[in-house]
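**Student:**
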Amino acid sequence: MFNKSHLMEMLDEGKQSTPLYYYDMELLRSTLNAVKQEIAGEPFVVHYAVKANGNPVILKEIQRSGLGADLVSGNEIVAAAEAGFAPSMMAYAGVGKTDREIEIGVDKGIYCFNVESEPEMEVINEIATRMGKTAGIAIRVNPDIDAHTHRYITTGTVANKFGIDLPRLDDAVDLALSLPHLHLRGLHFHIGSQVTTMQPYALLCDRINHLLDHYEQRGVNFEMIDAGGGLGIDYGNPDDNPIAAFHDFFQVFKRGLNLRPGQKVHFELGRSIVAQCGSLISKVVFVKENSAKRFVILDAGMTDLIRPALYTSHHKIENLTSQEQESVAYDVVGPICESSDVFAHDELLPVTRRGDVVAIRSAGAYGESMASRYNMRSLPSSVFSH
Ligand code: LLP
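Numbering (this note's numbering), first residue to last: 790 to 1175.
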């Protein structure tokens, strides 16, 4: 699915220079269609988690497909609005929303703030009162479910800073109902990211069902439940599995949730929508050897794609230009002055030379959006297939 010839043409003609992000827009569109097919006819609404990739071209494409936006900062709210997302399709989460960010959300009239604490509820109520508006909210619940993923991206256990835990939830719901400028729309959950088995989601459905019964008995009905995101992708085999397991994912919720009449389920998918359509394209600056290792040194580094350095995650690496038959194990590294600036250890690549072009695959999510200017480097550019 990855369109090598289009990319190589642009590099050969000198229209683009590396490092750059190359996005296969056709794959993005097929991914969005796959999502839409799975939710058709169901009371399901999918919000795209903009944090995964906020590139305006990507945002526009996703907005056109009819998805909503899941946001985590005032700037993301503004970017989503610029891309054309309607405020009624925006949800805003985060443990540390500032007053200014809350004002932006209240002013735009976003569908819902996913609130993470009682003090936050009080501040949103205060700001909405001052602005003469009512703010829609959902309470983010910490359901204490282990998502079995990297500890940095597990979010739904009591060891994490997110949400309100189950013993305090009744008080939080009562507080939300008592604050006059808040409109409690539902409960929000997000258990973690790069979740590759469905069992944690099945457990989440059980927790949600239990809470729906509990609050029904207390006379509280929710218009929606937000089940969060987190569906993982296949980093090892992007060509065999370019589209995430959306069927299995939505099936768990179709089967597992006992929804009340009229109730909707919202999802916040980031990685599974954009990861596979993006590759980080880089040129080999040098190949060097020491007594223990062979290194391929790229012009891309951890500033362009931090995932391997931060989570020791592995992205498939391809040499797009080498014609060699023989393969050699290389440590593929970047130019940054940190020993964590390594894309892969002992990666088998065809014999690689200075000037070769490599693709680091499955980099469309949390790649460009996490890029930094450390070492005063320029931010990577982006190029799109048609
Ligand atoms: N909703 C909430 C409340 C979240 O915190 C996240 C991700 C999502 C939705 C979207 O999750 P997704 O569907 O993309 O898994 N930088 C890390 C991932 C951090 C995820 C943070 N929260 C990485 O590169 O793996």
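Glycine included, each C-beta is placed from N, C-alpha and C at the ideal position. A quick note: this is a predicted structure, and the numbers were derived from the prediction, not measured.
Buried or exposed for Met910, going by 16 or more other Cβ atoms inside 10 Å?
**Tutor:** So Met910 counts as buried.
**Student:** Express the C-alpha separation of Ser1161 and Asp1093 in angstroms, rounding to a whole number.
**Tutor:** Between Asp1093 and Ser1161, the C-alpha separation is close to 7 Å.
**Student:** Measuring CB to CB, does Leu1138 end up less than 8 Å from Val1117?
**Tutor:** Contact: yes.
**Student:** Where does the unbroken beta strand (DSSP E) through Ala1072 begin, and where does it stop?
**Tutor:** Note that residue 1072 corresponds to Lys in the displayed sequence, not to Ala. Element bounds for Lys1072: 1067 to 1078.
**Student:** Taking contact to mean at least 3 C-beta pairs separated by less than 8 Å, is the segment 834 to 850 in contact with the segment 1063 to 1073?
**Tutor:** In short, these stretches touch, since the Cβ pair count reaches three.
**Student:** At the level of alpha carbons, what is the spacing between Phe1035 and Asn822?
**Tutor:** Spanning the two alpha carbons is a distance of roughly 11 Å.
**Student:** Within the continuous beta strand (DSSP E) that includes Ser1170, where are the two ends?
**Tutor:** First-last of the beta strand (DSSP E) with Ser1170: 1170 to 1173.
**Student:** Are the segment 804 to 816 and the segment 1142 to 1157 touching by the rule of at least three beta carbon pairs closer than 8 Å?
**Tutor:** Taking 8 Å as the limit for Cβ pairs, the verdict is that the segment 1142 to 1157 does touch the segment 804 to 816.
**Student:** To the nearest whole angstrom, what separates the beta carbons of Val1147 and Leu1087, a pair I think is in contact under 8 Å?
**Tutor:** The pair is a contact, with the Cβ atoms about 7 Å apart (cut-off 8 Å).
**Student:** Between Ile753 and Glu1078, what straight-line distance do the alpha-carbon atoms span, to the nearest angstrom?
**Tutor:** Because the chain spans 790 through 1175 in this model, residue 753 falls outside it and cannot be assessed.
**Student:** Is the beta carbon of Leu816 less than 8 Å from the beta carbon of His836?
**Tutor:** Contact flag unset, no.
**Student:** Just checking Ile1058 against the ligand LLP - is the residue's beta carbon closer than 7 Å to any of the ligand's heavy atoms?
**Tutor:** Rather than Ile, the amino acid found at residue 1058 in this sequence is Leu. Yes, Cβ of Leu1058 sits closer than 7 Å to a heavy atom of the ligand LLP.
**Student:** List the whole-angstrom C-beta distance separating Ala961 from Ile934, where the pair is believed to meet the contact cut-off of C-beta under 8 Å.
**Tutor:** About 18 Å; that fails the 8 Å criterion.
**Student:** Would you mind working out which of Gly925, Asp896, Phe902, Val834 sits nearest Phe1056, comparing C-alpha positions?
**Tutor:** The shortest C-alpha separation from Phe1056 is found at Val834.
**Student:** Would the segment 1045 to 1056 and the segment 794 to 805 be scored as touching if the rule is three or more Cβ pairs under 8 Å?
**Tutor:** Because the criterion of three Cβ pairs below 8 Å is not met, the segment 1045 to 1056 and the segment 794 to 805 do not touch.
**Student:** Can you have a look at His1175 and say buried or exposed, based on whether 16 or more other CB atoms are within 10 angstroms of its CB?
**Tutor:** The residue in question, His1175, is exposed, as its Cβ has fewer than 16 Cβ neighbours within 10 Å.
**Student:** Considering just the uninterrupted stretch of the alpha helix (DSSP H) at Asp730, what are its terminal residues?
**Tutor:** The chain is shown only over 790 to 1175; residue 730 falls outside these bounds and no answer can be derived.
**Student:** Thinking C-beta only, is Phe978 closer than 8 Å to Val930?
**Tutor:** Yes.
**Student:** Quick check: does the Cβ of Ser1061 come within less than 7 Å of any heavy atom belonging to the ligand LLP?
**Tutor:** Yes, the Cβ of Ser1061 comes within 7 Å of a heavy atom of the ligand LLP.
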